[in-house]
Amino acid sequence: MSVEAQKETLAFQAEVSQVLNLVIRSLYSNKEIFLRELVSNASDAAEKLRFEALTDEALFEDDPELRIRVTMDKEAGTLTISDNGIGMSRQEVTETIGTIASSGTKKFFEALSGDQTKDSELIGQFGVGFYSAFIVADKVTLITRRAGLAEEHGVRWESTGEGDYSIENVDKPSRGTDVILHLREDEKEFLEDYRLRSIISKFSDHIAMPVEMEKQRFGEPEEGEEQPEQPEFERVNKGTALWMRPKSEISDEEYKEFYKHVSHDFEEPLAWAHNRVEGNNEYSALLYIPSRAPFDMWDRDQKHGVKLFVRRVFIMDEAEKLMPRYLRFIKGVVDSDDLPLNVSREILQHNRKIDTIRQANVKRVLGMLEKMAKNEPEKYQTFWDQFGKVMKEGPAEEFGNKERIAGLLRFASTHNDDDTQNVSLADYIGRMKEGQEKIYYITADSAAAARFSPHLELLKKKGIEVLLLSDRVDEWLVSSLTEFDGKPLQSVAKGALDLGELEDKEEKEAQEKSAEEHQGLLERVKKVLGETVKEVRVSHRLTDSPACLVVEEHDMSANLARVLKSVGQDAPGTSPIMELNMQHPLLGRLDQEPDEDRFADLTRVLFDQAQLAEGGQLDDPAAFVRRLNTLMLNLSGE
1 MSVEAQKETL
11 AFQAEVSQVL
21 NLVIRSLYSN
31 KEIFLRELVS
41 NASDAAEKLR
51 FEALTDEALF
61 EDDPELRIRV
71 TMDKEAGTLT
81 ISDNGIGMSR
91 QEVTETIGTI
101 ASSGTKKFFE
111 ALSGDQTKDS
121 ELIGQFGVGF
131 YSAFIVADKV
141 TLITRRAGLA
151 EEHGVRWEST
161 GEGDYSIENV
171 DKPSRGTDVI
181 LHLREDEKEF
191 LEDYRLRSII
201 SKFSDHIAMP
211 VEMEKQRFGE
221 PEEGEEQPEQ
231 PEFERVNKGT
241 ALWMRPKSEI
251 SDEEYKEFYK
261 HVSHDFEEPL
271 AWAHNRVEGN
281 NEYSALLYIP
291 SRAPFDMWDR
301 DQKHGVKLFV
311 RRVFIMDEAE
321 KLMPRYLRFI
331 KGVVDSDDLP
341 LNVSREILQH
351 NRKIDTIRQA
361 NVKRVLGMLE
371 KMAKNEPEKY
381 QTFWDQFGKV
391 MKEGPAEEFG
401 NKERIAGLLR
411 FASTHNDDDT
421 QNVSLADYIG
431 RMKEGQEKIY
441 YITADSAAAA
451 RFSPHLELLK
461 KKGIEVLLLS
471 DRVDEWLVSS
481 LTEFDGKPLQ
491 SVAKGALDLG
501 ELEDKEEKEA
511 QEKSAEEHQG
521 LLERVKKVLG
531 ETVKEVRVSH
541 RLTDSPACLV
551 VEEHDMSANL
561 ARVLKSVGQD
571 APGTSPIMEL
581 NMQHPLLGRL
591 DQEPDEDRFA
601 DLTRVLFDQA
611 QLAEGGQLDD
621 PAAFVRRLNT
631 LMLNLSGE
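Just so we're aligned, residue 1 is where the sequence shown starts under UniProt numbering, counting upward by one.
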């Protein structure tokens, strides 16, 4: 039954038009990369067909030799990149090319600044692929048919890249995709055979799929020699899977180009590790650390970046079992000699060989990072600024490597004047005071709230360093990372602040004496606040502020409760402990207040101030303002 060749002209999704304009503007100075992107897409399409054909050989359609061809027509001014891979249906063409469905798209466009230099850097993270054709072409025609569909299910897509495209059904005898670039007049250099061969050699030598061009003929045919009716093609790229070659034979430039192919990233990687493992479980692994975080790093559907091959046959993208979630930014390839070709995600879930590969992958990545942190601290800081929040998920996710991961963590600290996260736990321990037994930290919802928290006052006075934790993930981190190198981690906002041998005996005795002397005031304050607080006591940790709120050692911190509520989860209600600084003039004023109503107002204002100081939100802000105004009026009348 024939398919009605319905032709439609449709508008690009608004984001597509933005990407097209940005691609042409930003990548024009490096325009030859369009060929790398299109050849890379063709390679992916061929790999996907090979995988699907494992369970349905009919998809090969009597043409099992997968390849990519680059041909040119100087008279027509066209350059064509063809593959006999999986191809696309009409719906797939519309979904893949007419729209951008990537979950990171919105964040990508929010990040655009209008500054051409900065936006040029951003475009590399997005992976423009097919749209790179418009760097050199004023019109692009795509003709495709999905493997397994009849030839009348071919699809023709065409656009000048200026806001709309046409799409219609056509007959296409062969499966796969042809991308035809109608080159601009000033881009005809890409119709020169030597130019194309040099680009393919530069960017695509590592692709295992043959990339072919028409065989060159030199001179006139000899007498009696017939010109072939069909053009003869020859392989242009080396085509050996790069990860299977000896490391000694691979240049840094080849490693970098392969990274760009496998990740669709325009920027170079920060580092890579290449290993061949032999024995009971034979496999090769080539793993890369990117230099910039992807936009979808925090999306729940974010994909892993490691591809799985079995004996050079592509099996699946995003093989999440090959890498834990806290290392989901790692890109690369794992090629196993021992897994079955028809391996599925379900089989991978319970496969010991995969577990062994995963453990080895993690050790290699952690080893790369440890080496970078030791020998190239500036490069490691670049890594941390991009991926630090994800690394903080590690101790909770992977108990076996908790200490190694903890050694790679970096934090802001009171030791430094700025909020750069560049202090390691080893750095902290190296600066600990004589007699100090704990690593002190505070969690807050912003860097400023952490740095200026009243909970730090005594420690600052004594010169004791405190780690300032203000990332959302930090609460999860400290719930699982309770010690490092034998030193327990201690929140300065939980429990009674115990400084151990750092404690001043006279100060401790003075605090106990003050608590006895002011027992009446403590009871009055508790009576006003009632169940709002668990206890009211004299503070040991305050030197400048009048009051602060703390929780019991094993209770949920106020910051964690706020984090949970912000993502729609219930947080168990925990009444805080209110600590009062009896050396503060406000407390002297409060102690002498005979009017019970005014005493209650002052008490509640102090409580609300303590909540605000640690980043909390007031249950009744209007009441706080009203009490504050009343107190100011009363004071002005005195």
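Note that the Cβ used here is the ideal one computed from N, Cα and C, for glycine as well.
Cα separation between E579 and E434? Taking the first residue of the sequence shown as position 1, residue 579 is located at position 579. Taking the first residue of the sequence shown as position 1, residue 434 is located at position 434. Answer to the nearest angstrom: the Cα atoms are 28 Å apart.
Reference A293; option with closest CA among D338, T240, A285, G388: To locate residue 293, count along the sequence shown from 1; it is residue 293. Selected option, being the one with the closest Cα: G388.
Roughly how many angstroms separate the alpha carbons of F203 and E32, rounded to a whole number? Indexing the sequence shown from 1 puts residue 203 at position 203. Indexing the sequence shown from 1 puts residue 32 at position 32. Rounded to whole angstroms, F203 and E32 show a C-alpha spacing of 10 Å.
Less than 8 Å between the beta carbons of A447 and S470, yes or no? Residue 447 sits at position 447 when you count from the first residue of the sequence shown. Residue 470 sits at position 470 when you count from the first residue of the sequence shown. Cβ distance < 8 Å, so A447 and S470 count as in contact.
Ordered along the chain, which non-local residues of its own chain (more than five positions away) have a Cβ less than 6 Å from that of K321? Against the sequence shown, residue 321 aligns to sequence position 321. Here the set comprises L348, I354.
Measuring alpha carbon to alpha carbon, tell me which of K527, L606, P576, P594 ends up nearest H584. As a working note, residue 584 is residue 584 in the sequence shown. Nearest option by C-alpha distance: L606.
Quick one: measure Cβ to Cβ for L54 and L308, integer angstroms, because I've assumed they're closer than 8 Å. Position 54 of the sequence shown, counting from 1, holds the residue named residue 54. Position 308 of the sequence shown, counting from 1, holds the residue named residue 308. Contact between L54 and L308 fails: their C-beta atoms lie close to 13 Å from each other, not under 8 Å.
Integer Cβ distance of P231 from E212, believed to fall under 8 Å: In the sequence shown, the residue the question calls residue 231 occupies position 231. In the sequence shown, the residue the question calls residue 212 occupies position 212. Incorrect: roughly 10 Å between the Cβ atoms, too far for contact.
With DSSP as the reference, label P395 as helix, strand or coil. On the sequence shown, position 395 is the one that residue 395 refers to. DSSP places P395 in helix when its eight states are reduced to three.
Which residues does DSSP list as the beta-bridge partners of E283? On the sequence shown, position 283 is the one that residue 283 refers to. Looking at the sequence itself, residue 283 is Tyr, so the reference to Glu does not match. As computed with DSSP, Y283 is found in a beta bridge with V277, S336.
Cβ neighbour criterion (16 or more within 10 Å) applied to K461: For the purposes of this step, residue 461 is taken as the residue at position 461 of the sequence shown. Result: exposed.
Taking C-beta to C-beta, are G87 and T177 nearer than 8 Å? Walking along the sequence shown from the start, residue 87 turns up at place 87. Walking along the sequence shown from the start, residue 177 turns up at place 177. Their beta carbons are under 8 Å apart, which means G87 touches T177 by this criterion.
Is the beta carbon of Y259 sitting closer than 8 Å to the one on Y283? Locating residue 259 in the sequence shown gives position 259, where the first residue counts as 1. Locating residue 283 in the sequence shown gives position 283, where the first residue counts as 1. Contact check for Y259 against Y283 fails: the beta carbons are separated by 8 Å or more.
Specify the secondary structure class of F130 as computed by DSSP and reduced to three states. What you label residue 130 is simply residue 130 of the sequence shown in a count that begins at 1. Here F130 sits in helix by DSSP.
Alpha-carbon spacing of S103 relative to R90, whole angstroms: Position 103 of the sequence shown, counted from the first residue, corresponds to residue 103. Position 90 of the sequence shown, counted from the first residue, corresponds to residue 90. Note on S103: pLDDT 41, under 50, position unreliable in the model; no value is reported.
Return the chain-ordered list of same chain residues with a C-beta closer than 8 Å to the C-beta of R598, the five sequence neighbours on each side being excluded. Numbered from its first residue, the sequence shown carries residue 598 at position 598. If we look at R598 and ignore the five residues flanking it on each side, its Cβ neighbours are L631, N634.
Exposed or buried, Y194, counting other C-beta atoms within 10 Å across all chains shown (16 or more means buried)? The residue labelled residue 194 in the question sits at position 194 within the sequence shown. Taking every protein chain shown into account, the CB of Y194 has fewer than 16 other CB atoms within 10 angstroms, so this residue is exposed.
Which of the three DSSP states, helix, strand or coil, is assigned to K7? What you label residue 7 is simply residue 7 of the sequence shown in a count that begins at 1. Assigned with DSSP and collapsed to three states, K7 falls in coil, not helix or strand.
With DSSP collapsed to three states, give me the class of A267. Residue numbering aside, residue 267 sits at position 267 when the sequence shown is read from its first letter. For clarity, residue 267 is Glu in the given sequence; the question names Ala instead. In the structure shown, E267 falls within a coil segment according to DSSP collapsed to helix, strand and coil.
Which residue or residues does DSSP assign as beta-bridge partners of A412? Walking along the sequence shown from the start, residue 412 turns up at place 412. DSSP lists L468 as partners of A412.
Using a 10 Å radius around the Cβ and a threshold of 16 neighbouring Cβ atoms, would you call N629 buried or exposed? For the purposes of this step, residue 629 is taken as the residue at position 629 of the sequence shown. With fewer than 16 Cβ atoms within 10 Å of its Cβ, N629 is classed as exposed.
Looking at the structure shown, is M432 part of a helix, part of a strand, or coil, going by DSSP? Counting from one through the sequence shown, the residue named residue 432 turns up at place 432. In the structure shown, M432 sits in coil (DSSP, three-state: anything other than H, G, I, E or B).
Compute the Euclidean distance between the alpha carbons of R145 and R235, then round it to the nearest angstrom. Residue numbering aside, residue 145 sits at position 145 when the sequence shown is read from its first letter. Residue numbering aside, residue 235 sits at position 235 when the sequence shown is read from its first letter. Going by C-alpha positions, R145 is about 24 Å away from R235.
Under 8 Å between C-beta atoms of N41 and L66: Position 41 of the sequence shown, counting from 1, holds the residue named residue 41. Position 66 of the sequence shown, counting from 1, holds the residue named residue 66. Against a cut-off of 8 Å, the Cβ pair of L66 and N41 comes out as no contact.
What number of angstroms, rounded off, separates the C-alpha of D485 from the C-alpha of D419? Residue numbering aside, residue 485 sits at position 485 when the sequence shown is read from its first letter. Residue numbering aside, residue 419 sits at position 419 when the sequence shown is read from its first letter. One C-alpha to the other measures close to 24 Å.
Report buried or exposed for N401, applying the criterion of at least 16 other Cβ atoms within 10 angstroms of its Cβ. As a position in the sequence shown, residue 401 is number 401, starting the count at 1. Classification for N401: buried.
Have a look at K247, F314, K534, E403 and flag the residue whose alpha-carbon is nearest the alpha-carbon of S575. Position 575 of the sequence shown, counted from the first residue, corresponds to residue 575. Nearest neighbour of S575 by Cα position, chosen from K247, F314, K534, E403, turns out to be K534.
Just to confirm my understanding: we take D544, look at its own chain, exclude 5 residues before and 5 after, and list those with CB closer than 6 Å. What are they? Translated into positions along the sequence shown, residue 544 becomes position 544. These residues qualify, in order along the chain: E457.
Mind checking who N169 pairs with in its DSSP beta bridge? The count along the sequence shown starts at 1 and reaches residue 169 at position 169. Looking at the DSSP assignment, N169 forms a beta bridge with V155.
Pull up the distance between the alpha-carbon of H274 and that of L286, whole angstroms please. On the sequence shown, residue 274 is found 274 positions in, with the first residue counted as 1. On the sequence shown, residue 286 is found 286 positions in, with the first residue counted as 1. Going by C-alpha positions, H274 is about 4 Å away from L286.
DSSP three-state assignment for P621, whether helix, strand or coil: On the sequence shown, position 621 is the one that residue 621 refers to. In this structure, DSSP gives P621 a helical state, which the three-state scheme calls helix.
Nearest candidate by alpha-carbon position, reference M297, set K526, K379, M391, R175: The residue given as residue 297 occupies position 297 in the sequence shown. Relative to the Cα of M297, the nearest Cα in the group K526, K379, M391, R175 belongs to M391.
Thinking C-beta only, is S491 closer than 8 Å to Y441? Counting from 1 along the sequence shown, the entry for residue 441 is found at position 441. Counting from 1 along the sequence shown, the entry for residue 491 is found at position 491. A contact, by the Cβ cut-off of 8 Å.
If we ignore side chains and look at the alpha-carbon of each, how far apart do E151 and E185 end up? In the sequence shown, the residue the question calls residue 151 occupies position 151. In the sequence shown, the residue the question calls residue 185 occupies position 185. Approximately 34 Å, taken between the alpha carbons.
Continuous beta strand (DSSP E) stretch holding E523: start and end: Counting from 1 along the sequence shown, the entry for residue 523 is found at position 523. Per DSSP, E523 is not a residue of any beta strand (DSSP E); the alpha helix (DSSP H) it occupies stretches across 519-529.
Is it buried or exposed for G305, if we count other Cβ within 10 angstroms and need 16 for buried? Reading the sequence shown from its first residue, position 305 is the one you call residue 305. With 16 or more other Cβ atoms within 10 Å, it is buried.
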